[in-house]
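If you read the sequences in order, they're chains Z and V. No gaps in the numbering here: position 311 of the first sequence is 311 in the numbering used here, and each next residue is one more. Position in the second sequence (from 1) plus 1000 gives the number in the numbering used here. Backbone N, C-alpha and C define an ideal beta-carbon position, used for all residues, glycine too. Read through the structure below, which is laid out as structure tokens, and then see the notes.
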Amino acid sequence: MDKLIAIVRREYLERVRTRWFLIATLFGPVLFGALMFLPSIIASKQTPTDDVRRVVILDATGTDLGRRVARGLNGGVFGDSSLTRVESVTAAELAAAESLATRAVQDERAKGYLVLDASTIAGLSARYAGSNTTAMMDMGRLERTVRRQVLGLRLEREGLAQERAEAVTDVTLDMKTERLTKRGRGGSAAVSLFFALGVAMLLYMSIMLYGINVMRGVIEEKSTRVAEIVVASVSPSRLLAGKVLGVGGVGLTQVALWVAGALTLNRVRGPLLSAMGITSTPFELPALSWGTGALLIAFFVLGFTFYAAAFAAVGAMVDNEQEAQQAQMPVVLLLIASIVFVQNILLAPDGTLARVMGLLPFSAPIVMPLRLASAPVPTAQVVMALASVGLGAAVMTWLAARIYRVGILMYGKRPSLGELVRWVRQ
Amino acid sequence: MSLALSIDHIAKRYDQHVAVRDLSLAVPRGALYGLLGPNGAGKTSTIRMILNIIRPDQGTIRVLDTPFDTPGLVNRIGYLPEERGLYKKMQVRRVLRFLAELKGIGAKEADRRIDGWLERFALRGGGRDWGTAKVDELSRGMQQKVQFIGALLHEPELVILDEPFSGLDPINAQAMKDTMVDLRTKGRTVIFSTHIMDNAERLCDAVCIIARGEKVLDGTVSAVRAEHGSRTVALAFDGGRTTAVDAVLSDRRLIAAMDDQNRFLEVELAGGADPQQLLVALVQAGASLERFERVRPSLHRIFLEKVGATGVEAGMSGQG
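Below, the structure written as structure tokens:
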């Protein structure tokens, strides 16, 4: 028992001490922080900029539409229109004026040029060319301004006074959107979808990351030949157990730190954003019961054991990391197979695919938590999934221990399937 | 007599080949014992079976008067494998503490012993403590020392060293030799495998030569040499050898085998021939002798005679 503890402690401490662990631990919260803060910050930055005023208006309508648009862009009659240049041209001169304006944009004297012509007056089209066409807010504002001024011009032609026309066309409309789904209001549904996906991705990533970490550890012991010294003191299966437990502990520590970091960030998010002068809708995490939390941890532990054992067996079969790249494919594919259907499963959390994949030992560790986080799951199915993953982990560990026992002292050619079977039966 | 190790008719077969065919041997406690054999003779397989790393297909092994698979027995054995390596990114002191813990030594006690050993092997002191360095910052020789320390930290009663001299420079080889002798002086048993006969001859109390997975001979070094001793003559000539002399030397009735050692010839007399006959024949052939001496054959000579080229080749299976 003391020896097992010595192995677990070595595996755990040597990993936690690395710079790699520190970076990954910090990277998690940074990523969560970016996900939480950036959308609000970006949204707050996406107000129309000065760029929209730095345009050339080529007015070929023969009216004062160009000047009206310039006024509209610069805040009405009292605004400063100096940034916007209006050129009245005839239809014949338009082509020449456009090439001059193009040159102006290319020389960065203007952001772009707006062409207003007869079809604009007719309410059909206007053209804009510039270096800032991807700025959605600016383009929206430009379009709204032209539309409003055309409307004002038409109203005046119908006999309305200019001030009246301006008042009538002054419509600022802010439309709030909310998504409705079968299960209720879209807002919270989006968050729970996001949350479920997050849980699945977190499980997938940490199982993959730490499973491969176990494999690396086995290869290191094999290639440096430390394995032989260690198995002269403890049995190979105990070494394997110590490795899986130690690395699993590192994984749990890391995930716990990530979750703690994310929760802290979420708590300070509102105050921080308002301190930066950004208003935002609160980001409510779905309430997670202790029971569900315990289940998520159980699935992580069992799923990790299943994959870590498989990865350890792969590590014992090969001599170096290059060989491991190929040999690990079957295991990696199993893991990927459980994540590729995430979208389909989220769309139908109670569908056949979700139910089957939630029970198979290799996919349940990821699919079942995904289902648990997105919709209520019948208790019987959860119990069956736990049993299935538990049994799968036990069988995989047994198989891996048999392969590991022979493999860590074998060098040279990678074993064929037949040889593997012999190793297991030996 | 209490035995450190007794092996009784063990065998180990792999898919493609036989590593150990049928091997029995006994090592008394307190002996410095050499396990000699060509590459692939079954030395490493035998050692792995003693350490319960692999199981023999048949036969029994008793270590320190207990069955080899008794729990806790490994804590009384120290082992240095032929292929050496340690966790590269780990601090030397932590590696050693870990190895000690695997043998059931507590961390505090281990630390005390580690200090002593590091000083003894000049890895600590003079303002420099290699114990706090990472393993891969150490030179190869230093890493070998660290691994040797790791095999001895738990003060094992039986120390098994697989090819301990391979890859060591003369200075480290001397340190290794000194420590082995020192262990023996303290009453520990040291078993080491080697294919370098000179080392075995100088160090061992007793040896066992194995080839093709079988024992060829065993016994104390002096007994083995005495047994093969009466029939070997060392010859050196003053000046070159004439054709007449060469004719005598190639006479199969007189000489069974000849080994040119450059400065002298080691010849083994043919059955029925005696040294006097050879001396007379050489003198009659006009040889000018600088040396004519009846010698005990070196272990090397005995080894070649007993194992022969075939033994080396047939044993070449890569399993050591």
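For residue i, is the classification buried or exposed, using 16 other Cβ atoms within 10 angstroms of its Cβ as the cut-off for buried?
| i | result |
| --- | --- |
| isoleucine 1010 of chain V | buried |
| arginine 1048 of chain V | buried |
| tryptophan 398 of chain Z | exposed |
| glutamate 1313 of chain V | Because the pLDDT at glutamate 1313 of chain V is just 42, under 50, the model does not fix this residue reliably, and the value given afterwards should be weighed accordingly. Exposed is the call here. |
| glycine 149 of chain Z | The identity of residue 149 of chain Z in the sequence shown is glutamine, whereas the question assumes glycine. By the 10 Å Cβ count, glutamine 149 of chain Z comes out buried. |
| lysine 413 of chain Z | exposed |
| glycine 1171 of chain V | Looking at the sequence itself, residue 1171 of chain V is isoleucine, so the reference to glycine does not match. Exposed, since its Cβ has fewer than 16 Cβ neighbours within 10 Å. |
| methionine 1316 of chain V | Interpretation of methionine 1316 of chain V is limited by its pLDDT of 39, a score under 50 that renders its predicted location unreliable; the figure taken from the coordinates is listed afterwards. Under this definition methionine 1316 of chain V is an exposed residue. |
| threonine 120 of chain Z | buried |
| glutamine 1144 of chain V | buried |
| alanine 167 of chain Z | exposed |
| leucine 347 of chain Z | exposed |
| lysine 1103 of chain V | buried |
| leucine 263 of chain Z | exposed |
| glycine 1240 of chain V | exposed |
| serine 1002 of chain V | exposed |
| arginine 304 of chain Z | Correcting the residue type first, residue 304 of chain Z is phenylalanine in the shown sequence and not arginine. So phenylalanine 304 of chain Z ends up on the buried side. |
| phenylalanine 27 of chain Z | exposed |
| proline 1067 of chain V | exposed |
Once you ignore the five residues that flank residue i on each side, which residues in its own chain have a CB closer than 7 Å to its CB?
| i | result |
| --- | --- |
| threonine 25 of chain Z | Gln254 and Leu257 |
| glutamine 1016 of chain V | none |
| valine 52 of chain Z | Leu73, Asp138, Arg141 and Leu142 |
| glutamate 1214 of chain V | Arg1021, Asp1022 and Leu1023 |
| alanine 1244 of chain V | Ala1285 and Gly1286 |
| leucine 265 of chain Z | Pro29, Phe32, Gly33 and Met36 |
| valine 1216 of chain V | Ile1209, Ile1210, Lys1306 and Val1307 |
| alanine 118 of chain Z | Thr61 |
| methionine 1258 of chain V | Leu1249, Leu1265 and Val1267 |
| phenylalanine 1303 of chain V | Leu1036, Met1197 and Ile1209 |
| alanine 97 of chain Z | Leu58, Glu87 and Val89 |
Tell me which same chain residues have a C-beta within less than 6 Å of the C-beta of residue i, skipping the five on either side of it?
| i | result |
| --- | --- |
| alanine 400 of chain Z | Ala309, Ala312 and Ala313 |
| glycine 392 of chain Z | Phe306 and Pro361 |
| arginine 1013 of chain V | Asp1057 |
| glutamate 1324 of chain V | This structure leaves residue 1324 of chain V out entirely; chain V is present only between 1001 and 1320. |
| lysine 3 of chain Z | Val234 |
| arginine 10 of chain Z | none |
| tryptophan 1117 of chain V | Ile1149 |
| arginine 1062 of chain V | Ser1006 |
| valine 1248 of chain V | Ala1281, Leu1282 and Ala1285 |
| leucine 1099 of chain V | Gly1150 |
| aspartate 1008 of chain V | Ser1024, Gly1059 and Thr1060 |
| valine 230 of chain Z | Leu239 |
Less than 8 Å between the CB atoms is what I'm expecting for residue i and residue j, so what's the real figure, rounded?
| i | j | result |
| --- | --- | --- |
| isoleucine 1209 of chain V | valine 1307 of chain V | 7 Å |
| threonine 84 of chain Z | valine 55 of chain Z | 6 Å |
| arginine 68 of chain Z | leucine 153 of chain Z | 7 Å |
| valine 250 of chain Z | tyrosine 210 of chain Z | 7 Å |
| valine 146 of chain Z | alanine 126 of chain Z | 5 Å |
| alanine 375 of chain Z | proline 415 of chain Z | Between proline 415 of chain Z and alanine 375 of chain Z the Cβ distance is about 44 Å, and since that is not below 8 Å, they are no contact. |
| methionine 1197 of chain V | leucine 1299 of chain V | 4 Å |
| tyrosine 1087 of chain V | threonine 224 of chain Z | 7 Å |
| lysine 1043 of chain V | serine 1193 of chain V | 4 Å |
| valine 1027 of chain V | threonine 1242 of chain V | Contact flag wrong, Cβ pair sits at about 50 Å. |
| lysine 1255 of chain V | alanine 1270 of chain V | In the sequence on display, residue 1255 of chain V carries isoleucine and not lysine. So it is a contact: roughly 6 Å between Cβ atoms. |
| leucine 1064 of chain V | leucine 1158 of chain V | 6 Å |
| leucine 1153 of chain V | alanine 1110 of chain V | 6 Å |
Please work out which residues of its chain come closer than 8 Å, Cβ to Cβ, to residue i, disregarding the five sequence neighbours upstream and downstream, and give them in chain order.
| i | result |
| --- | --- |
| glutamine 343 of chain Z | none |
| aspartate 1238 of chain V | Ser1288, Leu1289 and Glu1290 |
| arginine 355 of chain Z | Gln381 |
| leucine 1168 of chain V | Gly1141, Gln1144 and Met1176 |
| glutamine 106 of chain Z | none |
Can you find a heavy atom of the ligand NAD that lies under 7 Å from the Cβ of residue i?
| i | result |
| --- | --- |
| isoleucine 5 of chain Z | The ligand NAD is absent from the structure shown, which contains no ligands of any kind. |
| query | Listed from N- to C-terminal order along the chain, which residues in the segment 1074-1086 of chain V have their beta-carbon within a distance smaller than 7 Å of any beta-carbon of chain Z? | reply | Val1074, Tyr1079, Pro1081, Glu1083, Arg1084, Gly1085 and Leu1086
| message | Please give me, in chain order, every unbroken run of the beta strand (DSSP E) with length at least 3 that falls completely inside the segment 1075-1112 of chain V. | response | 1077-1080
| query | Between the segment 1097-1115 of chain V and chain Z, which residues of the former have CB atoms less than 8 Å from a CB of the latter, in chain order? | reply | Phe1098, Leu1099, Glu1101, Leu1102, Lys1103 and Gly1104
| task | Give the residues from the segment 11-22 of chain Z that approach chain V closer than 7 Å (Cβ to any Cβ), ordered along the chain. | result | Glu14
| field | Any alpha helix (DSSP H) of 4 or more consecutive residues that is wholly inside the segment 1189-1277 of chain V | value | 1197-1203, 1221-1227 and 1243-1249
| Contact residues within the segment 1038-1056 of chain V, judged by C-beta distance below 7 Å to chain Z | Leu1051 and Ile1053
| For the segment 316-339 of chain Z, which residues have a beta carbon sitting closer than 9 Å to at least one beta carbon of chain V? | none
| field | Members of the segment 224-242 of chain Z near chain V, C-beta cut-off 7 Å | value | Thr224, Arg225, Val226, Glu228, Ile229, Val230, Val231, Ala232, Ser233 and Val234
| query | In the segment 40-116 of chain Z, which residue ranges form an unbroken alpha helix (DSSP H) of at least 4 residues, counting only runs that do not cross its ends? | reply | 65-73 and 94-106
| beta strand (DSSP E) segments (min. 3 residues) lying fully within the segment 1124-1190 of chain V | 1158-1162
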